[in-house]
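S.K.:
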Amino acid sequence: MIATSLIIMIAAIIVLLVMSGFFSGSETALTAASRARIHQLKNAGDHRAGIVEALTVRKERLIGAILLGNNLVNILASSLATSVLISLFGDSGVVWATLVMTLLVVIFSEVLPKTWAISNPDSFALGVAPIIRPVIVIFAPVTLVIEKLVAAMLRLFGVDTSGGRSGFTGHEELRGTVNLLHSEGEVIKRDRDMLGGILDLRELEVSDVMVHRTKMMALDIEMPLEDLVKEILDSPYTRIPLWREDKDNIVGVIHAKDVLRALMKASGDVAKLNVQRIASKPWFVPETTPVQAQLNAFLKQKSHFAVVVDEYGEVEGLVTLEDILEEIVGDIADEHDEVMQGAVKQPDGSYVVDGSLPIRDLNRALDWNLPDEEATTIAGLVLHEAKMIPEINQTFTFHGFRFRVTRKEHNRITELRVSR
40 MIATSLIIMI
50 AAIIVLLVMS
60 GFFSGSETAL
70 TAASRARIHQ
80 LKNAGDHRAG
90 IVEALTVRKE
100 RLIGAILLGN
110 NLVNILASSL
120 ATSVLISLFG
130 DSGVVWATLV
140 MTLLVVIFSE
150 VLPKTWAISN
160 PDSFALGVAP
170 IIRPVIVIFA
180 PVTLVIEKLV
190 AAMLRLFGVD
200 TSGGRSGFTG
210 HEELRGTVNL
220 LHSEGEVIKR
230 DRDMLGGILD
240 LRELEVSDVM
250 VHRTKMMALD
260 IEMPLEDLVK
270 EILDSPYTRI
280 PLWREDKDNI
290 VGVIHAKDVL
300 RALMKASGDV
310 AKLNVQRIAS
320 KPWFVPETTP
330 VQAQLNAFLK
340 QKSHFAVVVD
350 EYGEVEGLVT
360 LEDILEEIVG
370 DIADEHDEVM
380 QGAVKQPDGS
390 YVVDGSLPIR
400 DLNRALDWNL
410 PDEEATTIAG
420 LVLHEAKMIP
430 EINQTFTFHG
440 FRFRVTRKEH
450 NRITELRVSR
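Numbering (my numbering), first residue to last: 40 to 459.
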């Protein structure tokens, strides 16, 4: 009779250890499962994924119920083991029960199930969710009381638990995920840059991606027609702004295709052209326009070109649809583009950099992390950090890099040597 009782108690201990392992594995799987993948499976019609998503919405209640169940079975198993071993070894059975149960719980109820769960959390979570759901319902009254008690105790220490999730935005989580996958080799640098470029659009203004007026090609509409047509057709650009009397007075934007079409109608007679009629009305946009908004405006108005002005209405540069797309996919070059190397590597590992090179382009090309919040170009960054207009050969060190000014034009830095 005693032997039968011992066998039943040992069997109960084994069942309780299995239940403990189930709770431990479930906790690991349900907290580690990919929210994005589970949501995708739910949309594909997997009802188990819907259960997982519903359970993980209230993680504190989920974890509370699982921990409650886990501790109940662990304590009960330990009590039964103590009773069994005391009956076999007397008072020393307490020591043996402590040692044996610690070993069994750690191996079979903690390490083993959690290792199994973390190796494939999504599949594990889908398997255990239908079983865990009724457990949470049963323990709901107790876990609710525990939640309130814990929240009250934390408030005594100044901890507010009502904020819900962490302060990271969805964009920040996506960026962190992409960077992590890149560091693990699952996402190549080009894909990381493209995904990062999409996420950056909401943080950029038109002034960050525009072609500055110092590099902008614009033609005088009053110049001789033959010279004007020649300049348009020889240009590597298809759209060119036209000005009258002053370069800030943009009166139109002419398209090379429209010029060719007009020349065909005029049988090649340049004198018959009316450039003002051929040119389209310029579209002016503020330099503070968000890039995402400008992209939407380009798509809505079916236009590819806009002139950028500052708060005083002065022309600051121009922005095209291609400029915005290049922020996502990198430089887009065709057979007519003038390809200019903005950063040339030197034998000593340093780089000779064009002062007007955008910081974002340099970071993307060389995988650097120079800040671009206060300045758009590398020369602008040096001016911002130096708080002065440097002289040639003057050297500065900041953000882990050394910058030496190698060329200037008046007060403008045109070339630098940059090294780590």
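Even glycine gets a Cβ: it sits at the ideal position worked out from N, Cα and C.
1) On the three-pair Cβ rule with 8 Å, is the stretch 40-49 touching the stretch 119-130?
2) Taking contact to mean 3 or more Cβ pairs, one atom from each stretch, closer than 8 Å, check whether the stretch 247-265 and the stretch 391-408 are in contact.
3) Assuming Ser148 and Ser59 are in contact, meaning their beta carbons sit under 8 Å apart, how far apart are those beta carbons, in whole angstroms?
4) Using only alpha-carbon positions, find the residue among His438, Glu430, Ala88 that is nearest to Ala168.
5) Among residues of its own chain, excluding the 5 on either side of Lys228, which ones have a beta-carbon nearer than 6 Å to its beta-carbon?
6) With which residues is Gly291 paired in a DSSP beta bridge?
7) Can you tell me whether Thr43 is buried or exposed, with buried defined as 16 or more other CB within 10 angstroms of its CB?
8) Just the Cα atoms here: how many angstroms apart are Thr415 and Val150?
9) By DSSP, does Gly369 sit in helix, in strand, or in coil?
10) Can you check which of these residues, Gln333, Asn335, Glu99, Arg443, is closest to Tyr390 by C-alpha distance?
11) Quick check: the Cα distance between Pro275 and His343, rounded to an integer number of angstroms?
12) Extract the residue ranges of the alpha helix (DSSP H) inside the stretch 316-368, only unbroken runs of 4 or more that lie entirely within it.
13) What runs of the alpha helix (DSSP H), each 4 residues or longer, lie entirely inside the stretch 78-151?
14) Comparing alpha-carbon positions, which option in Phe337, Pro325, Thr359, Glu265 lies nearest Val348?
15) Taking Cβ to Cβ, would you say Ala164 is nearer than 9 Å to Ser65?
16) Rounded to a whole number of angstroms, what is the C-alpha to C-alpha distance between His294 and Thr277?
17) In the DSSP assignment, find the unbroken alpha helix (DSSP H) run with Thr182 in it and report its ends.
18) Quick one: measure Cβ to Cβ for Leu55 and Ala116, integer angstroms, because I've assumed they're closer than 8 Å.
19) On the CB-based measure, 16 or more other CB atoms within 10 Å of its CB, does Met9 come out buried or exposed?
20) Determine the direct distance from the alpha carbon of Glu361 to that of Met262, and round the result to whole angstroms.
21) Assuming Val298 and Val268 form a contact by the criterion Cβ under 8 Å, report the distance between their Cβ atoms to the nearest whole angstrom.
22) With a threshold of 16 other CB atoms inside 10 Å of the CB of Glu211, please say whether the residue is buried or exposed.
23) Could you check what DSSP says for Arg382 in three-state terms: helix, strand or coil?
24) DSSP on Glu261, reduced to helix/strand/coil?
M.R.: The structure says:
1) yes
2) yes
3) 4 Å
4) Ala88
5) none
6) Residue pairing for Gly291: DSSP places it in a beta bridge opposite Leu281.
7) When all chains shown are included, Thr43 counts as exposed.
8) 51 Å
9) coil
10) Arg443
11) Those two C-alpha atoms are separated by around 16 Å.
12) Entirely contained in the stretch 316-368, the alpha helix (DSSP H) runs reaching 4 residues are, in chain order, 330-340, 360-368.
13) 86-96, 98-128, 132-143
14) Pro325
15) yes
16) 6 Å
17) 160-195
18) 4 Å
19) Nothing in the structure corresponds to residue 9, since the chain is present only between 40 and 459.
20) 29 Å
21) 6 Å
22) exposed
23) Looking at the sequence shown, residue 382 is not Arg but Ala. The answer is strand: DSSP assigns Ala382 an E or B state.
24) Note: Glu261 maps to coil in three-state DSSP.
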